[in-house]
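Positions 52 to 652 (our numbering) are the ones given, in order, by the sequence shown. We treat Cβ as the ideally placed atom computed from N, Cα and C, and that holds for glycine.
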Amino acid sequence: MTDTPIDHIRNFAIIAHIDHGKSTLADRLIQATGGLTAREMTEQVLDTMELEKERGITIKAQTVRLAYQAKNGETYELNLMDTPGHVDFAYEVSRSLAACEGSLLVVDASQGVEAQTLANVYQAIDAGHEIVPILNKIDLPAAEPEQVKRQIEDVIGLDASDAVMISAKTGLNIDAVLEALVARLPPPKGDAAAPLKALLVDSWYDPYLGVVILVRVKDGRMQRGQRIRMMSTGAVHTVEQVGVFTPRLVAVDDLGPGEIGYITASIKTVADCRVGDTLTSDRQPAETPLPGFKPSVPVVWCGLYPVDADDFEKLRDSLAKLRLNDASFCYDPETSAALGFGFRCGFLGLLHLEIIQERLSREFDLDLIATAPSVVYRVARTNGTVEELHNPADMPDGSLLEHIEEPLIKATILVPDTYLGSVLQLCTERRGQQLDLTYAGSRAMAVYRLPLNEVVFDFYDRLKSVSRGYASFDYQMDGYAESDLVKISILVNGEPVDALAFVAHRSAAERRGRSICERLKDLIPKQLFKIAIQAAIGGRVIARETIGALSKDVTAKCYGGDVTRKRKLLEKQKEGKKRMRQFGKVEIPQSAFLAALKMDS
Numbered sequence: 052m053t054d055t056p057i058d059h060i061r062n063f064a065i066i067a068h069i070d071h072g073k074s075t076l077a078d079r080l081i082q083a084t085g086g087l088t089a090r091e092m093t094e095q096v097l098d099t100m101e102l103e104k105e106r107g108i109t110i111k112a113q114t115v116r117l118a119y120q121a122k123n124g125e126t127y128e129l130n131l132m133d134t135p136g137h138v139d140f141a142y143e144v145s146r147s148l149a150a151c152e153g154s155l156l157v158v159d160a161s162q163g164v165e166a167q168t169l170a171n172v173y174q175a176i177d178a179g180h181e182i183v184p185i186l187n188k189i190d191l192p193a194a195e196p197e198q199v200k201r202q203i204e205d206v207i208g209l210d211a212s213d214a215v216m217i218s219a220k221t222g223l224n225i226d227a228v229l230e231a232l233v234a235r236l237p238p239p240k241g242d243a244a245a246p247l248k249a250l251l252v253d254s255w256y257d258p259y260l261g262v263v264i265l266v267r268v269k270d271g272r273m274q275r276g277q278r279i280r281m282m283s284t285g286a287v288h289t290v291e292q293v294g295v296f297t298p299r300l301v302a303v304d305d306l307g308p309g310e311i312g313y314i315t316a317s318i319k320t321v322a323d324c325r326v327g328d329t330l331t332s333d334r335q336p337a338e339t340p341l342p343g344f345k346p347s348v349p350v351v352w353c354g355l356y357p358v359d360a361d362d363f364e365k366l367r368d369s370l371a372k373l374r375l376n377d378a379s380f381c382y383d384p385e386t387s388a389a390l391g392f393g394f395r396c397g398f399l400g401l402l403h404l405e406i407i408q409e410r411l412s413r414e415f416d417l418d419l420i421a422t423a424p425s426v427v428y429r430v431a432r433t434n435g436t437v438e439e440l441h442n443p444a445d446m447p448d449g450s451l452l453e454h455i456e457e458p459l460i461k462a463t464i465l466v467p468d469t470y471l472g473s474v475l476q477l478c479t480e481r482r483g484q485q486l487d488l489t490y491a492g493s494r495a496m497a498v499y500r501l502p503l504n505e506v507v508f509d510f511y512d513r514l515k516s517v518s519r520g521y522a523s524f525d526y527q528m529d530g531y532a533e534s535d536l537v538k539i540s541i542l543v544n545g546e547p548v549d550a551l552a553f554v555a556h557r558s559a560a561e562r563r564g565r566s567i568c569e570r571l572k573d574l575i576p577k578q579l580f581k582i583a584i585q586a587a588i589g590g591r592v593i594a595r596e597t598i599g600a601l602s603k604d605v606t607a608k609c610y611g612g613d614v615t616r617k618r619k620l621l622e623k624q625k626e627g628k629k630r631m632r633q634f635g636k637v638e639i640p641q642s643a644f645l646a647a648l649k650m651d652s
């Protein structure tokens, strides 16, 4: 590959709300620049994961290098990053933006500005990006490009007079996007003679190559055979392979300032790779590391346990490999009386949790049980100490508690005027406090402060259902506030089941407790004795269901004869059942845990 001058390099990310056409636009750009032949092209070619194809969403940000000959006759190197649109993968977006200088903001000309459009564009502005607005799907009958341009100017405050009008599906006007990239986005800055400084943007585990690292070189050059040092851990490795994605893996001699590519260096220990770390030369190291990324803060926690206890070590290895590929989730070992050894894992949202579970099942062939998702509470004890509570089962006794604080979020909801009433009612039901309500055309933008505990389970599904799918939702963390929260314990036959314990607001405690008891009554198989299922706050039982005893016909062998003989057998059975209830241990099937933990609306 020829060395491209730094002023002929453009690094850019494609950002948009879910389903506004990021991956389709990436497909057209790859086609237009000849990155892949027509035979090699597939739909959403950069969505390489099986899960991404199935769900039609982008989960991992992907990189590709394209060579483009502009109308002025010059050849430019374009490094494209296709980013996810869902709020749970916002950390992927922020990392991709740190590696680029500009962004293409894709807005659906029929849907207009949505919640994630706002969230992603503000991230790009914070990263100091030059932004080119792109109006996609202008070939749809419902497209209103002029109105959407006004919306971009009113809601985001971005000049959209020269927005590029395209249809990514049909390939209409894709050349104008490439020309806008070259003309309107700035080239990267960097010094090839300075000591090597490269940002570790992403990493993943390859069974043949070991750890593969995606890097963005800021200064200096990265070459094969060079000894590099990770600045945060001090680990030293020798670079074995340097390459770029076109989107095929293509080996190159070196990567210069402003370029994005991958390296392999026989890295065996996953702990050596930290996303956001700075790579430098071992012989001539840089003095200061690059700023890196703000660490991601998990908002939802749940326990993951192997169905087969022998799979614990396999689960530990699998989580380490997955953590390498997804820096936004974290895990710590924990034990449960009901489920054995497992890990307490932190996620950025329920979709993130679902995707990680699915990936562990598919990529690592693991059967797992997940406990009820919970958020991180702050518990102030009477002795003046404050601690974070990740697992509801660990909540201290009520007499030792001063107060409990729960995390809050600031939610932005964009919804057509017709459905505004239902959305406001839903937010009020979830203990929301309205901060702002404004209009952009016929769409209302409501800003609410909501407890994260109320949002995390099924708020998004309910929001889509009350707005017929037209509402869009984005949130950011907004501190903690004191609240009247209680721990609800579930007791089966008088024994507390720690995996089913959860925290709820006192006003909803009874309803939630009764709902879980009713569900468990249908899920736990009958035994030869009666089983009591109770929900309790401290020592006070708030809900109870009873599973009747399995009746065995002990009189079946009696035929004819005196009735006292039958009565004697029944009395004997009664005594036995009483004794069993005293000592009987109830085995709860694992399927019952899974079904009981699926939250009700």
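Beta carbon of residue i nearer than 9 Å to that of residue j
i           : j           : result
residue 325 : residue 371 : no
residue 158 : residue 71  : yes
residue 238 : residue 282 : no
residue 497 : residue 463 : yes
residue 419 : residue 355 : yes
residue 567 : residue 541 : yes
residue 366 : residue 404 : no
residue 457 : residue 503 : yes
residue 252 : residue 236 : no
residue 279 : residue 333 : yes
residue 398 : residue 383 : no
residue 477 : residue 510 : yes
residue 276 : residue 318 : no
residue 66  : residue 174 : yes
residue 263 : residue 249 : no
residue 425 : residue 353 : yes
residue 349 : residue 240 : no
residue 444 : residue 474 : no
Sequence-distant residues of the same chain with beta carbon closer than 7 Å to residue i, five excluded per side
i           : result
residue 128 : 55, 59, 60, 116 and 118
residue 569 : 596
residue 52  : The pLDDT assigned to residue 52 is 43, lower than 50, so where the model puts this residue is not dependable; a value taken from the coordinates is nonetheless given after this. Excluding residues within five positions, the ones whose Cβ falls inside 7 Å are 303.
residue 363 : 357 and 392
residue 451 : 432 and 433
Helix, strand or coil at residue i according to DSSP, with G and I counted as helix
i           : result
residue 257 : strand
residue 609 : coil
residue 601 : coil
residue 521 : coil
residue 487 : strand
residue 369 : helix
residue 77  : helix
residue 262 : strand
residue 285 : coil
residue 433 : coil
residue 460 : strand
residue 55  : coil
residue 335 : coil
residue 274 : strand
Cut-off 6 Å between Cβ atoms - residues of its own chain near residue i, not counting five sequence neighbours on either side
i           : result
residue 527 : 461
residue 347 : 142 and 379
residue 211 : 184, 200, 203 and 204
residue 537 : 557, 560 and 588
residue 274 : 305
residue 455 : 428, 430 and 536
residue 83  : 225
residue 172 : 156 and 207
8 Å contact criterion, which residue i and residue j should meet: CB distance rounded
i           : j           : result
residue 147 : residue 64  : 5 Å
residue 194 : residue 161 : 5 Å
residue 166 : residue 524 : 5 Å
residue 272 : residue 300 : In fact, because the Cβ distance is near 20 Å, the residues do not count as touching under 8 Å.
residue 311 : residue 114 : 6 Å
residue 501 : residue 481 : 6 Å
residue 153 : residue 180 : 5 Å
residue 219 : residue 76  : 4 Å
residue 555 : residue 563 : 5 Å
Short CB-CB distance (under 9 Å) between residue i and chain C
i           : result
residue 259 : Among the protein chains of the structure shown there is no chain C, as only one such chain exists.
Contacting residues, own chain, Cβ-Cβ under 8 Å from residue i (five flanking each side not counted)
i           : result
residue 519 : 470
residue 408 : 355, 419 and 421
Quiz item: Of all the alpha helix (DSSP H) runs that stay within the bounds of the region 105-182, which reach a length of 4 or more residues?
Solution: 141-149 and 166-177
Quiz item: Unbroken alpha helix (DSSP H) runs of length 4 or more, entirely within the region 199-260: which are they?
Solution: 225-235
Exercise. Output the residue ranges of the beta strand (DSSP E) runs that lie fully inside the region 351-427 and measure 3 residues or longer, sorted by chain position.
Key: 351-357, 381-387, 391-398 and 419-421
Exercise. Would you list, in sequence order, the uninterrupted beta strand (DSSP E) runs of no fewer than 3 residues that lie entirely inside the region 288-321?
Key: 292-296, 300-302 and 311-315
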